[in-house]
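Here the structure comes first, spelled out in structure tokens, and everything after it is commentary.
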Ligand SMILES: Cc1ncc(COP(=O)(O)O)c(C=O)c1O
């Protein structure tokens, strides 16, 4: 029977406690949200919503075409200019998602005969970029510049190292300065995904590369998403103008994809300008994360010390992680749940996100619920 194998896979998933389900979120959810990636609490900020609405009124509901045909509006160009300037890079190119931006950066910068050195903890979109690229991928130990150095030493010709700046599972930061040094010793490029760093790390949220002194470097390329701290949707690649020009000509997820919806571009631009005016939001997100971690640890829970806004709490098994998250939800708290195959090491976790707009009382309540429902 066609697709018969799907039922076998579904049965295996049920057996392993790994079934995923969709839960539509009502507009007025009563749950305290520690699951979204809205780190700065901007997704429903009046200025961000107004930016989306104004852009939709001016430009319409969709971009109407791919970026090289009709999908580049003046708004896209404005967003690219301000994103590049904010993060300290020469140029930026906006994509319909961070996923597409990662596929673009890795595939376009790793031609046939090249080497890609990829951190074992990288996000799925970077991994898929490696899978689609013509170059050969070598996966190296997590957050280990020496492993990157060693891998690069085995190769002649073009090479890039790719890494998340903040890893989405445990919220730990990559050793960016060390990675850049290892790449420079071998004349390799460094491609880093700052999805969880933009808006949280660096001066006023200018991102992890800025914090590491790598902003504007001619051998560093940064990808970001507009969907987390900027509360919108879409992605971007930031880097030297010649790299961006290369992507315009060579990146398939840029060329063969409809441009970012104007409303998303308008929302991201409004959020970026707001962050420029209110840089303390970034510091507050970090402060909430640190406070959350301290309270969880004091309550006897095993939490990883956060380097940005993601706080990860270990769970004993996938089934218990799912039950724990469900019990939190029943007690009014929405937390994320990571389990195989989304975790590279097979360890299941609750994944909490610290938001700049959480009050001390809300943080305390969250810790009480998590502690009170632990398996
Ligand atoms: C590290 C990382 N990179 C890339 C992405 C993809 O970004 P987007 O959601 O904009 O496609 C995500 C998650 O969404 C992520 O966590």
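In the numbering used here, the protein residues as written are 103 to 477.
We put the beta carbon where it would ideally sit given N, CA and C, even for glycine.
For clarity, every value in this text was computed on a predicted model and none was experimentally measured.
Check	Outcome
Residue 295 - DSSP class collapsed to helix/strand/coil	strand
Local Cβ density within 10 Å of residue 478, reported as buried at 16 or more and exposed below that	The displayed coordinates of the chain run from 103 to 477. Any statement about residue 478 would go beyond what the structure contains.
Complete runs of the beta strand (DSSP E) confined to the stretch 249-309 [at least 3 residues]	261-266 and 291-295
Rounded C-alpha distance that separates residue 392 from residue 105	47 Å
Nearest residue (CA-CA) to residue 232, options 263, 471 and 425	263
Residue 123 beta carbon near ligand 1 (any heavy atom closer than 7 Å)	no
Residue 283 versus residue 350: straight-line alpha-carbon distance, rounded	28 Å
Entirely enclosed beta strand (DSSP E) segments - the stretch 105-167, minimum 3 residues	134-136
Same chain, Cβ closer than 6 Å to residue 454, neighbours up to 5 away in sequence not counted	136, 413 and 437
Check: residue 199 C-beta below 7 Å from any heavy atom of ligand 1	yes
Cβ neighbours of residue 280 in the same chain (closer than 6 Å, five flanking residues each side left out)	247
Closest by C-alpha distance to residue 205, when choosing among 121, 234 and 324	234
6 Å Cβ shell around residue 190 - same chain, five flanking residues per side excluded	312, 317 and 318
Candidates 417, 411, 458 and 270, of which the one nearest residue 449 by Cα	417
4-residue-minimum alpha helix (DSSP H) runs that sit fully inside the stretch 157-240, ordered along the chain	176-189, 200-211 and 226-234
Three-state class that DSSP yields for residue 434 in the structure shown	coil
Residue 152 and residue 372 closer than 8 Å at C-beta	yes
Contacting residues, own chain, Cβ-Cβ under 8 Å from residue 429 (five flanking each side not counted)	475
Limits of the unbroken beta strand (DSSP E) element including residue 355	Where residue 355 is concerned, there is no enclosing beta strand (DSSP E), although the alpha helix (DSSP H) it sits in stretches over 354-357.
DSSP state of residue 366 mapped onto helix, strand, coil	helix
Beta bridge counterpart(s) of residue 350 as assigned by DSSP	For residue 350, which the question treats as bridged, DSSP gives no partner whatsoever.
Between the CA atoms of residue 155 and residue 216 - distance to the nearest angstrom	44 Å
At least 3 beta-carbon pairs within less than 8 Å: the stretch 393-406 vs the stretch 286-301	no
Check whether residue 325 and residue 337 have beta carbons under 8 Å apart	yes
Residue 408 burial status per 10 Å Cβ neighbour count (16 or more: buried)	buried
Residues near residue 208 in its chain [Cβ-Cβ closer than 8 Å; skip 5 each side]	218, 228, 231, 232, 234, 235, 262, 264 and 293
Beta-ladder partner(s) of residue 469, from DSSP	The partner list for residue 469 (beta bridge, DSSP) is empty, contrary to what the question assumes.
Beta strand (DSSP E) segments (min. 3 residues) lying fully within the stretch 388-442	412-416 and 435-440
Candidates 439, 274 and 107, of which the one nearest residue 423 by Cα	439
Closer than 7 Å: residue 482 CB and nearest ligand 1 heavy atom	Outside the displayed range of the chain (103 to 477) lies residue 482, so it cannot be described from this structure.
Spatial neighbours of residue 285 in its chain, beta-carbon cut-off 6 Å, leaving aside the 5 residues before and after	263 and 292
Proximity below 8 Å, CB of residue 377 to CB of residue 309	no
Simplified DSSP state of residue 323, which is helix, strand or coil	strand
Backbone secondary structure at residue 339 - three-state DSSP	strand
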